[in-house]
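*Asks:* Numbering of the sequence shown is given in the numbering used here, commencing with residue 314 and proceeding in unit increments.
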Amino acid sequence: MSEDLYTEEWIDMLENQADYTEKFRHSLYEKVDVKTKKTILDIGCGSGAVTADIASLTDGHVTGIDTDEKNLAQAELIVPDNVTLMKASALDLPFPDNTFDLVVFSVVFLYIEDQQKAVNEMARVTKKEGIVLATAVPDYGGEVSYPESKSHLFYLKHLEDKGVDIYAGRKLKFMFRKAGLQPEVGVSDSSLYFIDLDSEKELQDFLDRFSYAKKFCLRFGLTEEEIEGFKQEDVNLIQNDLRFRFIPAFYAIGRK
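1) Answer with buried or exposed for Val432, where buried requires no fewer than 16 other C-beta atoms within 10 angstroms of its C-beta.
2) Rounded to whole angstroms, what is the Cα-Cα separation between Arg556 and Thr397?
3) Using a 10 Å radius around the Cβ and a threshold of 16 neighbouring Cβ atoms, would you call Thr536 buried or exposed?
4) Compute the Euclidean distance between the alpha carbons of Asp405 and Glu389, then round it to the nearest angstrom.
5) Taking C-beta to C-beta, are Lys350 and Ala436 nearer than 8 Å?
6) Helix, strand or coil for Asp366, going by three-state DSSP, please let me know.
7) Helix, strand or coil: how does DSSP classify Ile391 here?
8) Taking Cβ positions, are Ser369 and Pro393 nearer each other than 8 Å?
9) Thinking just about the alpha-carbon of each residue, which of Tyr459, Pro451, Ser402 is nearest to the one in Leu472?
10) Write down every uninterrupted run of the alpha helix (DSSP H) in the stretch 470-525 whose length is 4 residues or greater and which is fully enclosed by it, in chain order.
11) Are Ile551 and Glu515 close, meaning C-beta to C-beta below 8 Å?
12) Put Ile425 into one of helix, strand or coil per three-state DSSP.
13) Nearest CA to the CA of Arg483: which residue from Asp381, Cys358, Met399, Ala565?
14) Please report how far the alpha carbon of Leu574 lies from the alpha carbon of Gly373, in whole angstroms.
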């Protein structure tokens, strides 16, 4: 992940995502029978929230990898004893073929430069009859919202400029199949989070994220006055419960 994408706000956003996707992730963990898996690999463990969650559901051993030492240091503070953390890249997994019963990943997929190579690597280290599981990969390019948030359009531009794939979710079936996996693909019901959110909670989420949004708006040359105008426009829409927002997030279960 790009260094300037790694911020306290970013960690907070990942932890918030872990919270609101928890129910759906657990339904997938149950579907792949995570409690019986003895060896699990979590790709892009980030701050460790999801890794710790997975580890709490199994007596097996979980290995969490990330390329960012700050992420790993954060994760070390919260993961239980059945987790090992290490610095490694999804593009060159330091494990023999057929090592893991289950390989799991999520939002990190957006930041991987060669996604097909990463999926190929995941399939390689997965045991025969094992599973590669993508739990909730956002597809920001497929967002449906009305009225559109002007600041969010700058956010998408910022992500693309940093090499983030805002169309990642829709690619899972193709890439799993190309890696020799048998994929089952669908839309995560956590995608409904923003639809079902009450206006008070949505407003708090928006205000919590806005300092991050303001930074990249300034980078694109917007004035403080313009940014404040965007903010007030969004606040008014949210307070009056006028905003519709749907961001698809896809899951994929790939059986080897």
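Glycine included, C-beta positions come from ideal geometry on N, C-alpha and C.
*Replies:* In short, the structure shows the following:
1) buried
2) 43 Å
3) exposed
4) 22 Å
5) no
6) helix
7) coil
8) yes
9) Pro451
10) 485-491, 506-509
11) yes
12) coil
13) Ala565
14) The question about residue 574 has no answer, for the chain in this structure spans 314 to 569.
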